[in-house]
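According to the numbering used here, the stretch in the sequence shown is residues 79 to 368, in order.
In this text, a Cβ means the ideal position worked out from N, Cα and C, and glycines have one as well.
Since the structure comes first, as structure tokens, the remarks are kept for the end.
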Amino acid sequence: MHILVASNAFKNSLTADEACSAIISGFNKSKLKCTLESFPIGDGGDGTGSLIIKRKQGKIYSFPVHDPLGRNTNASFGIIDNGKTAVIEMAEASGIRLLKPGELNPLIASSAGTGELIIKALDAGVKKIIIGMGGSATVDGGIGILHALGIRFLDTQGKTLEPLPKNLQQLASIDDSGIDRRIVELVVLCDVENLLLGENGAAEVFGPQKGASPADVKTLDEALQKLSRIVFEHNGKNMEAMKYGGTAGGAASGLSALANARLVNGIDYFLDLTEFDKVLEKSNILITGE
Numbered sequence: 079m080h081i082l083v084a085s086n087a088f089k090n091s092l093t094a095d096e097a098c099s100a101i102i103s104g105f106n107k108s109k110l111k112c113t114l115e116s117f118p119i120g121d122g123g124d125g126t127g128s129l130i131i132k133r134k135q136g137k138i139y140s141f142p143v144h145d146p147l148g149r150n151t152n153a154s155f156g157i158i159d160n161g162k163t164a165v166i167e168m169a170e171a172s173g174i175r176l177l178k179p180g181e182l183n184p185l186i187a188s189s190a191g192t193g194e195l196i197i198k199a200l201d202a203g204v205k206k207i208i209i210g211m212g213g214s215a216t217v218d219g220g221i222g223i224l225h226a227l228g229i230r231f232l233d234t235q236g237k238t239l240e241p242l243p244k245n246l247q248q249l250a251s252i253d254d255s256g257i258d259r260r261i262v263e264l265v266v267l268c269d270v271e272n273l274l275l276g277e278n279g280a281a282e283v284f285g286p287q288k289g290a291s292p293a294d295v296k297t298l299d300e301a302l303q304k305l306s307r308i309v310f311e312h313n314g315k316n317m318e319a320m321k322y323g324g325t326a327g328g329a330a331s332g333l334s335a336l337a338n339a340r341l342v343n344g345i346d347y348f349l350d351l352t353e354f355d356k357v358l359e360k361s362n363i364l365i366t367g368e
């Protein structure tokens with residue numbers, strides 16, 4: 079009997095690797111005659127990128143970037159497919175795990191560090207970038223990432239706004255003429271299907287987890303509404319209607335609307351990329367969990 083152990087992470091408890099190891103340890107203590115194989119899985123949440131890099135035998139590179147509050151930190155990404163593809167975890171540079179509980183404040187938290195990692199990946203010559211967006215500390219609609227990629231968000235006077243959610247009510251226009259033209263293909267792995275706005279939107283559902291008070295949630299939702307309206311006026315793309323658009327505080331819809339990112343179901347993409355079915359075919363029993 080061949081048993082395949084393919085668990086996802088247990089949030090705030092075990093990584094996917096640790097969960098699989100614990101299950102296998104239990105089987106090893108039993109008297110069951112079997113062979114065991116560990117295949118940790120991810121759905122786009124925090125840790126998915128590292129699982130892809132490990133499974134695809136990629137190389138990891140580390141660079142100085144800015145954390146959600148603009149402080150210096152180091153973050154890494156992986157390169158797979160013989161240098162053609164970069165795998166980036168948003169949580170590496172813009173994650174909630176980088177902040178102490180008292181520091182959580184999505185009105186001033188920025189995703190810029192993730193954009194800086196994208197630039198470093200482009201510098202390395204990749205043609206495709208896969209981004210796992212789980213575990214972010216931000217509800218900025220991706221404006222921090224997009225600013226790092228060369229897009230400018232302007233007020234009524236044509237002055238560049240600091241790309242923070244608290245400033246979005248002043249947004250009047252967008253200048254994307256300076257976007258990095260090396261961007262060829264961006265794929266965003268999404269672990270939720272929430273839309274950008276409303277009672278099931280990015281601010282309402284995920285804002286409180288990231289430190290938003292009820293008043294902050296209202297402010298953030300209004301900020302994302304303003305961003306969505308200006309984007310629609312700019313290029314006709316409707317951030318509000320995008321499936322998965324609320325992922326990572328709306329960063330998914332922002333990247334889709336202004337950087338042509340492709341939003342995909344995280345677990346489906348992961349299983350296909352890692353060729354999970356080939357391993358499953360030779361297994362008699364599959365054990366999974368989350």
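Is residue i helix, strand or coil when you go by DSSP?
i, result
"VAL342", "strand"
"VAL143", "strand"
"ARG149", "coil"
"VAL217", "coil"
"LYS315", "coil"
"GLU271", "coil"
"LEU114", "strand"
"LYS304", "helix"
"ALA87", "coil"
"LYS107", "helix"
"SER251", "strand"
"GLY156", "strand"
"LYS137", "strand"
"GLY173", "strand"
"THR93", "coil"
With a CB to CB cut of under 6 Å and the five nearest residues on each side skipped, what residues in its chain are close to residue i?
i, result
"GLY328", "GLY219, LEU274, ALA280, LEU302"
"LEU305", "GLY219, LEU246"
"GLY228", "GLY256, ILE257, ASP258"
"ILE138", "SER154, GLY156"
"ILE131", "GLY156, VAL165"
Just the Cα atoms here: how many angstroms apart are residue i and residue j?
i, j, result
"GLY193", "GLU115", "36 Å"
"ALA326", "THR216", "7 Å"
"ILE69", "ILE158", "Since the first residue shown for the chain is 79 and the last is 368, residue 69 is missing from the structure and cannot be characterised."
"GLY75", "LEU249", "Since the first residue shown for the chain is 79 and the last is 368, residue 75 is missing from the structure and cannot be characterised."
"ARG49", "LEU177", "Beyond the ends of the chain as shown, which are 79 and 368, falls residue 49; an answer cannot be given."
"LEU147", "LEU358", "43 Å"
"VAL262", "SER188", "24 Å"
"LEU224", "GLU181", "23 Å"
"ALA337", "ILE207", "12 Å"
"SER85", "ASP350", "16 Å"
For the beta strand (DSSP E) that contains residue i, what are its first and last residues?
i, result
"LEU264", "263-268"
"LYS206", "206-210"
"GLU167", "163-167"
"LEU232", "230-232"
Among the residues of its own chain, which have a CB less than 8 Å from the CB of residue i, if the five just before and after it don't count?
i, result
"VAL295", "ALA281, GLU282, GLY285, PRO286"
Let's see if you can read the secondary structure: which residues bound the alpha helix (DSSP H) around residue i?
i, result
"THR192", "190-201"
"ILE130", "126-133"
"THR325", "325-337"
"LEU358", "354-359"
Would residue i count as contacting chain C if we go by Cβ distances under 8 Å?
i, result
"ASN316", "The displayed structure is made up of one protein chain only, and chain C is not part of it."
Tell me the DSSP bridge mates of residue i?
i, result
"HIS80", "THR113"
"THR238", "LEU232"
Can you tell me whether residue i sits near the ligand FAD, meaning its C-beta is under 7 Å from at least one heavy atom of the ligand?
i, result
"GLY323", "In terms of ligand content, the structure shown is empty, and the ligand FAD therefore cannot be addressed."
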